[in-house]
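Here's the structure we're looking at; comments come further down.
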Amino acid sequence: MNPIGLIIALFVSNTVSDQVLPFKIKFEWSQIEYEFNSEEERSEAISNGTFDIGNIQPIDAEYYYDRIKQKERVFITIPRFPTQGVASTLNTVTKKTINGNPVLRPYPSWSWQISPEKCNYERIVSVFRVWIDECKRLWVLDTGVVGDSQVCPPQILAFDLSTDKLIIKYEIPLGSVQPTYVTPIVEVERHHNRKFCQDSWVYAADVSGSLLVYSLRQNKSWSFRDKSFDANPAYAVYNVSGDSFEFADGIFALALTPYPAHKKLFFHALAGVSESWVHTRDLKVPVNRSDIYHTFPTTRDEQSAAQAFDSKGNLYFSLLSSIEIVSWNFKNPYEKKYWKVVGNDKITMQFPSGLKVSRGKNNQEQLWVFATALQRWASDNLNPNVTNFRLLYANL
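Going left to right, the sequence shown walks through residues -17 to -1, 1 to 379 as mature numbering (1 follows the signal peptide of the UniProt record, and there is no 0) numbers them.
Next up, the structure:
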C-alpha cells in the first residue's frame, strides 16, 4: 500500500473505532435471585412454584442517582410471562449476591408483589418497562396480565423516589381487545424554561397495535390506532446468535426528542424495520387522524428493540441480528450513512431489551444497555451455567 493509502486507511480505521463507546458492566446474572426473608422462605417459594429460577426473563433496567441522598439505585423489571414462577415483577438491585448473582429486592415492598390475582389496591401485577422523569417520579406501566390472562385492570402508577410512596394511580379502562402495554415514556411540559410536573403526559406502547395517551392533569386517557403501529408479519421471526424465535409484536419502542418545544415521539414496532414519528401536540387531543404520523422512507435491514434519545438529539437503538447499538442524530436524514455504531460486543450485548439515557453521579449523561439474551428464553435455551443478563453503561 502506498503511503497516502496507508494514511487514509489508518484514518478511517481510527474514526470507526473511536465511535465504539467503552462500555462497562454494572451487573450481570446467570439467573435471577430475590431477597427473601430467610432461606426457608426461599426454599418454600421454589417448592410451591412461586419462584421458578429457571423460567424468569427480565426485560428492562432503569438507573437513578439521587443527588440529595448521594445514592444510586437500579430498577429491574420481570414481566409475568409464565402463569407462575415470577415472585416479583418490579425490583431494585441490592449489594447482596447468591452464587455471584446480584439479589433483587421487590419494589416498593413484597406486599405489593404477592398474590397479584387478588387485585388489591396496592398491587403490581406485571411490568415490562418503567420510566423515571425529571420530577423524580418512577412511572410504572402495569399490564395486569399473568401468562395470557388479564387478571386485573391495567394501570399507571407513579412513586415519589424520595419517599418510595405511591403518588399517582390510574386504572386504564379495558376495551374489546386485551392490550399488552410494554413501554411507557413521560413528557413533562415546560413553559418559559420551567417544568410543570402536574402537566405530564404518559405515552404507552401497546404491542397489539395502539398507543395510549394519559393526561395527569385531566386524569384521563385515550388511545390511537394507525397502520404504522402494526407488526409486519414479514419480520416476525428473529435470529440472534444462532437462536430463532417468533414474536408478532407491534409498536414497541418509544423515544422523545430532548428539546422542550415541538417535541416528537419516535416509535417503531418490534416486528418491523420502519421508524416513524408524531408531534406530541397532536396526541394531546383525543382525535385520531392518519395525517399526523410520519414514516421515514428508508428502513433498517433488521429488527430493533428499545431506543432512547440523549440531550443532543442522538437516538440510540439496537440492531438485533447484527448485535449492535447504533446512534443517529434526528436532524439528519434517517439513512445508514448517518448512523454510527457505538456498541458491538457480540457476547455481552445480545438482545438489548432495555436501553436508557440517564445522568450519573457527575451529572454526565450515560447510555445504559440491558442486554437480556431474550432469544435464549424464547427458544427454550436459557442456560443457568452461563451469564444471561448484563447491565452495561458508557459515558456519553
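C-beta: ideal position from N, C-alpha, C; glycine also.
Predicted, not measured: the structure shown is a model, and the values here were computed from it.
Would K152 be called buried (16 or more neighbouring beta carbons within 10 Å of its own) or exposed? So K152 ends up on the exposed side.
Excluding the 5 residues flanking Y46 on each side, which residues of the same chain have their C-beta closer than 6 angstroms to its C-beta? Closer than 6 angstroms at Cβ, skipping near neighbours: V57, S341, W351.
If contacts are defined as beta-carbon pairs under 8 angstroms, then A289 and L303 qualify, I think. What distance do you get, rounded to the angstrom? Actually they are not in contact, since the Cβ atoms of A289 and L303 sit about 11 angstroms apart, beyond 8 angstroms.
Can you grab the Cα-Cα spacing for the pair L239 / A291, in whole Å? Taking the straight line joining both Cα atoms gives about 7 angstroms.
Could you tell me the distance, in whole angstroms, from the CA atom of E18 to the CA atom of A377? So the alpha carbons of these two residues sit roughly 28 angstroms apart.
List, from N- to C-terminal side, the beta strand (DSSP E) runs of 3 residues or more that fit wholly inside the segment 40 to 71. Here the runs fully enclosed are 43 to 49, 54 to 60.
Simplified DSSP state of A217, which is helix, strand or coil: Taken through DSSP and simplified to helix, strand or coil, A217 comes out as helix.
Expressed to the nearest angstrom, what Euclidean distance is found between the alpha-carbon atoms of D189 and D125? D189 and D125 have their alpha carbons spaced roughly 12 angstroms apart.
Taking 8 angstroms as the threshold, find out whether the segment 205 to 212 comes into contact with the segment 174 to 186 through three or more Cβ pairs. Segments in contact, no.
Pull up the distance between the alpha-carbon of L253 and that of V165, whole angstroms please. Answer to the nearest angstrom: the Cα atoms are 11 angstroms apart.
Look up N297 in the DSSP assignment and say whether it is helix, strand or coil. Three-state result, N297: strand.
Whole-number beta carbon distance between S310 and N327, since they are thought to touch under 8 angstroms: Incorrect: roughly 12 angstroms between the Cβ atoms, too far for contact.
Residue burial classification, D131 (beta-carbon count within 10 angstroms, cutoff 16): Around the C-beta of D131, fewer than 16 other C-beta atoms lie within 10 Å, and the residue is accordingly described as exposed.
Endpoints, alpha helix (DSSP H) assigned at L357: Note, L357: alpha helix (DSSP H), 357 to 361.
Pull up the distance between the alpha-carbon of T66 and that of K9, whole angstroms please. When rounded, the distance between both Cα atoms is 30 angstroms.
What residues in its chain sit with their C-beta under 8 angstroms from that of S230, if we drop five residues either side in the sequence? It is worth fixing the name first, because residue 230 is Phe in this sequence and not Ser. Closer than 8 angstroms at the Cβ level, and outside the excluded window around F230, lie A219, Y221, L253, A254, A361.
Quick one: grab the DSSP three-state call for N38. N38: helix per DSSP, three-state reduction.
Given I51, which residues of its chain have a CB within under 7 angstroms of its CB, disregarding the five upstream and five downstream residues? Around I51: no qualifying Cβ.
Residue span of the beta strand (DSSP E) that contains E318, given as start and end: Run containing E318: none; DSSP gives neither H nor E here.
Start and end of the beta strand (DSSP E) containing I8? Counting along the chain, I8 sits inside the beta strand (DSSP E) bounded by residues 7 to 12.
Spatial neighbours of L357 within its chain, please: CB distance less than 6 angstroms, with the 5 preceding and 5 following residues excluded, ordered by chain position. Closer than 6 angstroms at Cβ, skipping near neighbours: F334, S336.
If I'm right that V86 touches S109 with Cβ under 8 angstroms, what's the distance once you round it to whole angstroms? About 21 angstroms separates the two Cβ atoms, so there is no contact after all.
Give the single residue among I29, L379, D274, R63 whose Cα lies nearest to the Cα of Y299. Ranking the options by Cα distance to Y299, first place goes to L379.
Between V325 and I306, is the Cβ-Cβ spacing less than 7 angstroms? V325 is not a Cβ neighbour of I306, given a cutoff of 7 angstroms.
Complete runs of the beta strand (DSSP E) confined to the segment 103 to 154 [at least 3 residues]: Contiguous beta strand (DSSP E) elements confined to the segment 103 to 154 occur at 110 to 115, 120 to 125, 138 to 143, 148 to 154, taking only those with 3 or more residues.
How is Q333 classed by DSSP in three states: helix, strand or coil? Here Q333 sits in coil by DSSP.
Taking the alpha helix (DSSP H) that E24 falls in, what are its first and last residues? Boundaries of the alpha helix (DSSP H) harbouring E24: 22 to 30, taken from the DSSP string.
Helix, strand or coil, according to DSSP, for Q349 in the structure here? Secondary structure of Q349 (DSSP, three-state): strand.
Considering just the uninterrupted stretch of the beta strand (DSSP E) at E307, what are its terminal residues? Going by DSSP, E307 is part of the beta strand (DSSP E) stretching over 307 to 312.
According to DSSP, is F19 part of a helix, a strand, or is it coil? Coil.
Looking only at its chain, what residues have a beta carbon closer than 6 angstroms to the beta carbon of E11, apart from the 5 residues adjacent to it on each side? Setting aside the 5 residues that flank it on each side, E11 is surrounded in the same chain by T370, R373, each with a C-beta closer than 6 angstroms to its C-beta; the list follows chain order.
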